[in-house]
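Heads up: the structure comes next, in structure tokens.
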Amino acid sequence: EAQVTQNPRYLITVTGKKLTVTCSQNMNHEYMSWYRQDPGLGLRQIYYSMNVEVTDKGDVPEGYKVSRKEKRNFPLILESPSPNQTSLYFCASSLSVGVAEGYNEQFFGPGTRLTVL
Amino acid sequence: RKEVEQDPGPFNVPEGATVAFNCTYSNSASQSFFWYRQDCRKEPKLLMSVYSSGNEDGRFTAQLNRASQYISLLIRDSKLSDSATYLCAVRAGGRRALTFGSGTRLQVQP
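Protein chains in written order, with my numbering: chain A, 874 to 990; chain B, 84 to 193.
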């Protein structure tokens, strides 16, 4: 089954304790992205990756790191989490980012609900 | 001004009603437009792309108005199962990322 998976789905942690949220897709997609979703603010992009070893900042990258060592995996790292990073996080992937139809559809993972105390 | 704006709602409509949402975007170089549906506490899923000429998929019709910089979603004969949050997404020319609106919540009532 084609899908994007994220782990963990739920996490409660404390300020300053490093954590990693994993994301994996089995569709051989080039483009992967991380978003956070907060009430009233919608989905905001944190980081994205065009392909292996190619990553770039989105709109709200502060406090986050990513890596893309393999095409299918795109982990999100919080080196020193803070309470303002409490949010719902989504990983997404798409075939590419070309203008042609079908390239832009983003498939989302099920989400990770993170609480930082 | 936000790059992509939506009325948060909620829109409360009876079953069978027709309801329309708009989504405005500020970047005139935007090239790709989409409507996503998000159920409570779930991930967004693509509902439909929005083509320049407008497009229809069953009870759903999407339209693009480049002159006024907005896209619209029309839902006819609303079903209880249409209750969800509808997110618009826009990709500007030269940018890689999709920018999402904060969503419009629809509640269809029996």
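Here a beta-carbon is modelled for each residue, glycine too, at the ideal position from N, C-alpha and C. Everything numeric in this text was worked out from a predicted model, so none of it was measured.
Range covered by the beta strand (DSSP E) that runs through residue i
i      : result
B:Q121 : S113 to Q121
B:P97  : F94 to P97
A:Y937 : A:Y937 -> no beta strand (DSSP E), and no H or E assigned at all.
B:R225 : The question about residue 225 of chain B has no answer, for chain B in this structure spans 84 to 193.
A:Q879 : V877 to N880
B:N105 : V102 to Y108
B:K128 : K128 to S132
A:M900 : Element bounds for A:M900: n/a, residue is neither H nor E.
A:S955 : It is not in any beta strand (DSSP E) - A:S955 carries neither H nor E in the DSSP assignment.
B:K125 : It is not in any beta strand (DSSP E) - B:K125 carries neither H nor E in the DSSP assignment.
B:A145 : F143 to N148
B:D140 : N138 to D140
A:G915 : G915 to N924
B:V191 : T187 to Q192
A:V887 : First-last for A:V887: undefined, no H or E at that position.
B:E88  : V87 to Q89
Environment of residue i [buried if 16+ CB atoms lie within 10 Å]
i      : result
B:L147 : buried
B:Y134 : exposed
B:C106 : buried
A:S953 : exposed
A:M900 : exposed
B:D165 : buried
B:R120 : buried
A:L914 : exposed
B:R174 : buried
Selected residue, minimal CA-CA separation from residue i, among the options
i      : options                           : result
A:Q910 : B:V102, B:G184, B:Q192 and B:A145 : B:G184
B:F194 : B:A150, B:V191, B:R149 and B:L130 : Here chain B comprises residues numbered 84 to 193, so residue 194 of chain B is not present and cannot be evaluated.
B:D140 : B:R124, B:I158, B:K125 and B:A172 : B:I158
B:S111 : B:A150, B:L189, B:K128 and B:P91  : B:A150
A:I919 : A:S967, A:V933 and A:R882         : A:V933
B:E126 : B:G186, B:Q152 and B:K85          : B:G186
A:H902 : A:G931, A:F963 and A:M923         : A:M923
B:Q190 : B:F116, B:V87, B:P91 and B:R84    : B:P91
A:Y883 : A:F963, A:S969 and A:G913         : A:F963
B:E88  : B:D122, B:A145, B:Q152 and B:R124 : B:Q152
B:Q192 : B:Y108, B:D160 and B:E86          : B:D160
Does the segment 92–108 of chain B come close enough to the segment 956–967 of chain A to have 3 or more Cβ pairs within less than 8 Å? no
Hey, is the segment 894–910 of chain A in contact with the segment 978–990 of chain A, meaning 3+ C-beta pairs nearer than 8 Å? yes
Should the segment 879–887 of chain A be called in touch with the segment 937–947 of chain A, which here means at least 3 C-beta pairs below 8 Å? no
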